[in-house]
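K.L.:
Attaching a single structure in structure tokens format; questions to follow.
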Amino acid sequence: MLTISNSVQLAEWEIEMSAIRAQGAGGQNVNKVSSAIHLRFDIKRSSLPALYKERLLKLSDHRITKDGIIIIKAQQYRTQEQNREDALLRLKELIQASVVQQKARRATKPTKGSQKRRMDKKTQRGQTKSLRGKVKF
4 MLTISNSVQL AEWEIEMSAI RAQGAGGQNV NKVSSAIHLR FDIKRSSLPA LYKERLLKLS
64 DHRITKDGII IIKAQQYRTQ EQNREDALLR LKELIQASVV QQKARRATKP TKGSQKRRMD
124 KKTQRGQTKS LRGKVKF
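Position in the sequence shown counted from 1, then plus 3, gives you our numbering.
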């Protein structure tokens, strides 16, 4: 059971995990032991509320396929159990991040005073630059 929030939980059957061999350097052990975890989570078949599903499917994340399946590969740790926990944590963070409401942006304009100060500074910088080339020894 993976707890996403107080009211949302995912059952074990919804998350499919398989052990695979990790990539990269690691000596002889990496060739013998399947310590990496390949997590698959089908958004459309899940018991998530409609809002969660909608937001997840709208995300443009490379871990979400066109069919609405989240694929996470965890191979950071040496043990299978640590990689399993890491994959579940990353799934939980992805789901929680998709539901966070973005703050609405309000268009604003700079004040007249700030515009005038900016233009004054620009003219002052231009005058000091023009004086640099004229000084001769």
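No residue lacks a Cβ here, since even glycine has one placed at the ideal position from N, Cα and C.
A quick note: this is a predicted structure, and the numbers were derived from the prediction, not measured.
1) In this structure, does DSSP put Q99 in helix, strand or coil?
2) Where do the N-terminal and C-terminal ends of the beta strand (DSSP E) with L42 fall, by residue?
3) What distance in whole Å lies between the Cβ atoms of A77 and S50, which are believed to be in contact at a cut-off of 8 angstroms?
4) Who are the near neighbours of R93 in its chain, counting only those whose CB is closer than 6 angstroms to its CB and skipping five residues on each side?
5) If Y80 and D70 are in contact, beta carbons under 8 angstroms, what's the gap, nearest whole angstrom?
6) Using DSSP with H/G/I as helix, E/B as strand and the rest coil, what is Q12?
7) Which partner residues does I7 have in the DSSP bridge list?
8) Using a threshold of 8 angstroms, state whether the C-beta atoms of L42 and S101 are closer than that.
9) Suppose the cutoff is 6 angstroms on Cβ atoms and the five residues either side in sequence are ignored; what does the same chain contact list for E19 look like?
10) Could you have a look at S63 and say whether DSSP puts it in helix, strand or coil?
11) Report the three-state DSSP secondary structure of S50 (helix, strand or coil).
12) Starting from K76, trace the beta strand (DSSP E) in both directions and tell me its first and last residue.
13) Of all the options R24, E17, K115 and A25, which has the alpha carbon lying nearest to the alpha carbon of I72?
P.N.:
Judging by the given coordinates:
1) Your numbering for residue 99 matches position 96 in the sequence shown. Q99 carries a helical assignment under DSSP once its states are collapsed to helix, strand and coil.
2) Counting from 1 along the sequence shown, the entry for residue 42 is found at position 39. That run of the beta strand (DSSP E) goes A39 to D45.
3) Residue numbering aside, residue 50 sits at position 47 when the sequence shown is read from its first letter. Residue numbering aside, residue 77 sits at position 74 when the sequence shown is read from its first letter. Contact doesn't hold; Cβ gap of about 23 angstroms is too wide.
4) Within the sequence shown, numbered from 1, the residue matching residue 93 stands at position 90. If we look at R93 and ignore the five residues flanking it on each side, its Cβ neighbours are I75.
5) Position 77 of the sequence shown holds residue 80. Position 67 of the sequence shown holds residue 70. About 29 angstroms; that fails the 8 angstroms criterion.
6) Locating residue 12 in the sequence shown gives position 9, where the first residue counts as 1. The answer is strand: DSSP assigns Q12 an E or B state.
7) Position 4 of the sequence shown holds residue 7. Within the DSSP bridge table, the entry for I7 names no partner.
8) For this step, residue 42 is matched to residue 39 along the sequence shown. For this step, residue 101 is matched to residue 98 along the sequence shown. Taking a C-beta distance under 8 angstroms as the contact criterion, L42 and S101 do not qualify as a contact pair.
9) Your numbering for residue 19 matches position 16 in the sequence shown. For E19, where only same-chain residues beyond five positions count, the Cβ hits under 6 angstroms are R43.
10) Here residue 63 refers to the residue found at position 60 of the sequence shown. Here S63 sits in coil by DSSP.
11) Translated into positions along the sequence shown, residue 50 becomes position 47. S50 carries a coil assignment under DSSP once its states are collapsed to helix, strand and coil.
12) Mapped onto the sequence shown, residue 76 falls at position 73. Residue range I72 to A77 is occupied by the beta strand (DSSP E) that includes K76.
13) Position 69 of the sequence shown, counted from the start, is the residue given in the question as residue 72. Comparing alpha carbon positions, the residue from R24, E17, K115 and A25 closest to I72 is E17.
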